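K.L.:
Submitted below is the structure of interest, expressed as structure tokens.
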Amino acid sequence: MLVGKAGKGGRKKPSAWSRVPRWARVCTVFGSVLMLLSGAVLVGYEALMARYEGAVGKGDLFGDQAAGAQERKSDIKGPLNILLVGIDPRDVKTPPLADSIMVLHIPAELDRAYLFSLPRDLRVEIPRFSKADFNGGTDKLNAAMSYGSRVPGQNPDAARGFELLAKTVQQVTGIDRFDAGAIINFTGFQKIVDAMGGVDMYIEREVRSEHREPSGVHRKGNPYGEGYIGPQAVYKKGNQHLSGWQALDYVRQRYPKNGVPDADYGRQRHQQQFIKAMVDQAFSADVVTNPIKLDRVIRAAGQSLIFNGRGSSVVDFAIALKGIRSNNVELIKLPGENIGTGSAYRGERLRPEAEDFFTALKKEQLDAFLLEHPDFRNKTK
Numbered sequence: 002m003l004v005g006k007a008g009k010g011g012r013k014k015p016s017a018w019s020r021v022p023r024w025a026r027v028c029t030v031f032g033s034v035l036m037l038l039s040g041a042v043l044v045g046y047e048a049l050m051a052r053y054e055g056a057v058g059k060g061d062l063f064g065d066q067a068a069g070a071q072e073r074k075s076d077i078k079g080p081l082n083i084l085l086v087g088i089d090p091r092d093v094k095t096p097p098l099a100d101s102i103m104v105l106h107i108p109a110e111l112d113r114a115y116l117f118s119l120p121r122d123l124r125v126e127i128p129r130f131s132k133a134d135f136n137g138g139t140d141k142l143n144a145a146m147s148y149g150s151r152v153p154g155q156n157p158d159a160a161r162g163f164e165l166l167a168k169t170v171q172q173v174t175g176i177d178r179f180d181a182g183a184i185i186n187f188t189g190f191q192k193i194v195d196a197m198g199g200v201d202m203y204i205e206r207e208v209r210s211e212h213r214e215p216s217g218v219h220r221k222g223n224p225y226g227e228g229y230i231g232p233q234a235v236y237k238k239g240n241q242h243l244s245g246w247q248a249l250d251y252v253r254q255r256y257p258k259n260g261v262p263d264a265d266y267g268r269q270r271h272q273q274q275f276i277k278a279m280v281d282q283a284f285s286a287d288v289v290t291n292p293i294k295l296d297r298v299i300r301a302a303g304q305s306l307i308f309n310g311r312g313s314s315v316v317d318f319a320i321a322l323k324g325i326r327s328n329n330v331e332l333i334k335l336p337g338e339n340i341g342t343g344s345a346y347r348g349e350r351l352r353p354e355a356e357d358f359f360t361a362l363k364k365e366q367l368d369a370f371l372l373e374h375p376d377f378r379n380k381t382k
């Protein structure tokens, strides 16, 4: 049923929900992530937006509250850097690893954005973090989340883990400060996709699943060694409509033997493509004009996201970034390489050109940099 449509007997008064700009409805769905990729004009709808803002979880992701930092006003100015971390926790007692680490950079004009991923296996120096009794050391980047989340005698605290990960990413990239951040539970994203009725994605090449059978059930473990046995789900090249489990399974694949020749870098690219595909799906009329479906998606989003705007709310960011849509978000691939192979594999390292990208980011010169280095652009199709 469409909200606010005129019937044969005359025009019905539009509901409050139907009068909310389309971008604003989408913002409430994905909170801290997808609201950054929406656009149009918001005038006088703050109260209604605030009603739905509670769907997104909140956490002290940067340690500001613990440090007694005062909340700032909602006047958001660029440039902005936002850290997005995807986790796939096994259980509440196991410290989570960061499965996906993305940075969204928005220039001073607040009219476009750049999204880049850092390899989770990147070898880095993780700084000392006294809150978790961690003395620092060299490890893979995703381990910073785990080390930071440890609380002696208690269940892990993902927000605290995010704080240490943010400090580590700042060291790697040279970013002085993150203006906002979000923890994204990828298992919860499955529920969001299902609530939307699936997602349309372009699959760049055929990929076979390491983990799932065509029916969606998990493949059985190999009783004679490592890995799994049994039939594999297959994602054919071309435009495909994926259910929640299929979308989540597809963006998890990273083995060359299954059709991802660039391994974790391919997975990073697929995750970026997935984020943009979700935005496009969220803007479809089937979602934004259907309050029942939208409510389902909002509830699912509330189970999937923890957001911190360092004193500014989801609504504040939505207003500030109202000019950004998915088609003016540039996907970036950073050049990297393995450290060792096979049993001697120790992780990943970025090539020297990545430092040039980080320098251009700090100097607000990414447009010029990408003109000179087109290979940094990640294709979406």
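Numbering (our numbering), first residue to last: 2 to 382.
Glycine included, C-beta positions come from ideal geometry on N, C-alpha and C.
Computed from a predicted model, the values in this text were never measured in an experiment.
Where does residue 280 land, buried or exposed, given buried means 16+ other C-beta within 10 angstroms?
P.N.:
buried
K.L.:
Which class does residue 304 belong to by DSSP, given the choice of helix, strand or coil?
P.N.:
coil
K.L.:
Only counting the same chain, and skipping five residues up and downstream in sequence, which positions put a Cβ closer than 6 Å to that of residue 143?
P.N.:
98, 99 and 121
K.L.:
Return the CA-CA distance between residue 140 and residue 287, expressed in angstroms with no decimal places.
P.N.:
Their backbone Cα atoms lie some 45 Å apart in a straight line.
K.L.:
Look up residue 141 in the DSSP assignment and say whether it is helix, strand or coil.
P.N.:
strand
K.L.:
Could you compute how far the alpha carbon of residue 299 sits from the alpha carbon of residue 277?
P.N.:
18 Å
K.L.:
State whether the stretch 301–313 contacts the stretch 183–192, with contact taken as three or more CB pairs (one from each stretch) at a distance under 8 Å.
P.N.:
Counting Cβ pairs under 8 Å, three or more are found: they touch.
K.L.:
Are the Cβ atoms of residue 273 and residue 210 separated by less than 8 Å?
P.N.:
Between residue 273 and residue 210, the C-beta spacing is not below 8 Å.
K.L.:
The beta strand (DSSP E) spanning residue 106 covers which residue range?
P.N.:
99–107
K.L.:
What residue from 333, 361 and 344 has the CA that sits closest to residue 375's CA?
P.N.:
333
K.L.:
What does a CB cutoff of less than 6 Å around residue 114 pick up in its chain, not counting 5 residues either side in sequence?
P.N.:
Excluding residues within five positions, the ones whose Cβ falls inside 6 Å are 105, 107, 325 and 330.
K.L.:
What does the alpha-carbon distance come out to for the pair residue 215 and residue 200?
P.N.:
Here the alpha carbons of residue 200 and residue 215 stand approximately 18 Å from one another.
K.L.:
Which residue comes first and which comes last in the alpha helix (DSSP H) that contains residue 368?
P.N.:
367–373
K.L.:
If we count the other Cβ atoms within 10 Å of its Cβ and call it buried at 16 or more, is residue 372 buried or exposed?
P.N.:
Flag for residue 372 reads exposed.
K.L.:
Leaving out five residues before and five after residue 265 in sequence, what residues of the same chain have Cβ atoms less than 8 Å from its Cβ?
P.N.:
120, 121, 122, 255 and 349
K.L.:
Around the C-beta of residue 96, are 16 or more other C-beta atoms found within 10 angstroms, so that it is buried, or is it exposed?
P.N.:
buried
K.L.:
Which value, in whole angstroms, describes the spacing of the CA atoms of residue 80 and residue 94?
P.N.:
38 Å
K.L.:
Evaluate residue 131 with the Cβ neighbour count: other Cβ atoms within 10 Å of its Cβ, from every protein chain shown; 16 or more gives buried, anything less gives exposed.
P.N.:
By the neighbour-count rule (16 or more Cβ atoms within 10 Å), residue 131 is not buried but exposed.
K.L.:
Quick one: residues in its chain with C-beta nearer than 7 Å to the C-beta of residue 129, no 5 flanking neighbours on either side, listed in chain order?
P.N.:
135, 136 and 137
K.L.:
How far does the alpha helix (DSSP H) with residue 66 in it reach, from first residue to last?
P.N.:
Here residue 66 belongs to no alpha helix (DSSP H), and DSSP marks it neither H nor E.
K.L.:
Just curious, the beta strand (DSSP E) that residue 1 is in, first and last residue?
P.N.:
The requested residue 1 is not part of the displayed model; the chain covers only 2 to 382.
K.L.:
Any beta-carbon of chain C closer than 8 Å to the one on residue 294?
P.N.:
Looking at the structure shown, chain C is missing, and only one protein chain is on hand.
K.L.:
From which residue to which residue does the alpha helix (DSSP H) around residue 358 run?
P.N.:
Looking at the DSSP string, the run of the alpha helix (DSSP H) that includes residue 358 is 353–363.
K.L.:
Among 365, 207, 259 and 247, which one has its Cα closest to the Cα of residue 238?
P.N.:
Among 365, 207, 259 and 247, the Cα nearest to that of residue 238 is on 207.
K.L.:
Using the Cβ count rule (16 or more neighbours within 10 Å means buried), how would you classify residue 227?
P.N.:
Answer is exposed; the Cβ neighbour count stays below 16.
K.L.:
Closer than 6 Å by C-beta to residue 224: which residues in its own chain qualify, once you throw out the five before and the five after it? Chain order, please.
P.N.:
Closer than 6 Å at the Cβ level, and outside the excluded window around residue 224, lies no residue.
K.L.:
How is residue 314 classed by DSSP in three states: helix, strand or coil?
P.N.:
coil
K.L.:
Answer yes or no: do residue 62 and residue 190 have a C-beta to C-beta separation smaller than 8 Å?
P.N.:
Result no, Cβ atoms of residue 62 and residue 190 do not sit closer than 8 Å.
K.L.:
Measuring straight from C-alpha to C-alpha, what distance separates residue 362 and residue 109?
P.N.:
11 Å
K.L.:
Does residue 291 come out as helix, strand or coil in the three-state DSSP assignment?
P.N.:
It is coil, neither helix nor strand.
K.L.:
Residues in its own chain within less than 6 Å of residue 217 by CB, not counting five upstream and five downstream?
P.N.:
246
K.L.:
Would you call residue 343 buried or exposed, if buried means 16 or more other Cβ atoms sit within 10 Å of its Cβ?
P.N.:
exposed
K.L.:
Can you tell me the Cα-Cα spacing of residue 169 and residue 148, whole angstroms?
P.N.:
Their backbone Cα atoms lie some 12 Å apart in a straight line.
K.L.:
Between the C-alpha atoms of residue 195 and residue 244, what's the straight-line distance to the nearest angstrom?
P.N.:
6 Å
K.L.:
Compute the Euclidean distance between the alpha carbons of residue 88 and residue 370, then round it to the nearest angstrom.
P.N.:
31 Å
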